[in-house]
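In our numbering, the protein residues as written are 1253 to 1453.
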């Protein structure tokens, strides 16, 4: 396994790190861990959640209420088909995604596709339920995750829409943070995903 760097045209490829795995007997149960470090130089500086507060120090019930309120708000925007407001509230997510992926040239196409995916969820969002709160990023990120262990919903966001006619399941993964000095949660990462699923059973 290796990591490479490339420019925005997928050219000037450079090997950054080759991962060497020790030759050891296969563990039982099959679990193996090893840590590597490497330095990646990039021509941009993304803020992300670097300036976020440590949410793990907050009262857990208070934090969960704030997170659930945000997710209920996003669920309503998606279910109402309010694409413009949803996109505007996640503006930072999209801007940093475009920069980090050298996607400036492809933004128009990506923007069109993401807006269509969001609009397709109008009127078919599931209720916000069966979730648990999870904290990531050294305490600076928080999100909700479905509790089910079944194959369809396992490890998904509770922001789910089901299109039974087309057999498509939409999942909207949102990660929140609280900027230093702030008192409200803000979205910092978003992943709008869809997959084919059989709902005839």
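Every residue, glycine too, gets a C-beta built ideally from N, C-alpha and C.
For residue 1296, which residues of its own chain have a beta-carbon under 6 angstroms away from its beta-carbon, when the five flanking residues on both sides are left out? For this step, residue 1296 is matched to residue 44 along the chain shown. The residues are 1351.
From 1430, 1302 and 1448, residue whose alpha carbon lies closest to that of residue 1416: Counted from its first residue, the chain shown places residue 1416 at position 164. Cα-wise, what sits closest to residue 1416 is 1448.
Keeping to the same chain, check which residues put their C-beta closer than 7 angstroms to that of residue 1303; ignore five residues upstream and five downstream. Position 51 of the chain shown, counted from the first residue, corresponds to residue 1303. Counting only Cβ-Cβ distances below 7 angstroms, and skipping sequence neighbours, we find 1431 and 1432.
Counting Cβ pairs closer than 8 angstroms, one from the region 1422-1441 and one from the region 1325-1343, do we hit at least three? yes
Tell me the DSSP secondary structure of residue 1308 in three-state form. In the chain shown, counting from the first residue as 1, residue 1308 sits at position 56. Residue state, collapsed to three classes: helix.
Could you tell me which uninterrupted alpha helix (DSSP H) segments, each at least 4 residues in length, are contained entirely in the region 1266-1333, listed from first to last along the chain? 1312-1332
May I have the straight-line CA-CA distance separating residue 1374 from residue 1361, to the nearest angstrom? Taking the first residue of the chain shown as position 1, residue 1374 is located at position 122. Taking the first residue of the chain shown as position 1, residue 1361 is located at position 109. For residue 1374 and residue 1361, the distance between alpha carbons rounds to 21 angstroms.
Residue 1443 - containing beta strand (DSSP E), residue span: Start at 1 with the first residue of the chain shown, and residue 1443 comes out as number 191. Looking at the DSSP string, the run of the beta strand (DSSP E) that includes residue 1443 is 1438-1448.
Take every Cβ of the region 1376-1395, pair it with every Cβ of the region 1318-1337, and state whether three or more of those distances are shorter than 8 angstroms. yes
Give the C-beta separation of residue 1306 and residue 1392 to the nearest angstrom, bearing in mind that I take them to be a contact with Cβ-Cβ under 8 angstroms. On the chain shown, position 54 is the one that residue 1306 refers to. On the chain shown, position 140 is the one that residue 1392 refers to. That belief holds up - the Cβ atoms of residue 1306 and residue 1392 are roughly 6 angstroms apart, short of 8 angstroms.
Please confirm whether any heavy atom of the ligand GTP lies closer than 7 angstroms to the CB of residue 1320. With respect to small molecules bound, the structure shown includes none, and the ligand GTP cannot be examined in it.
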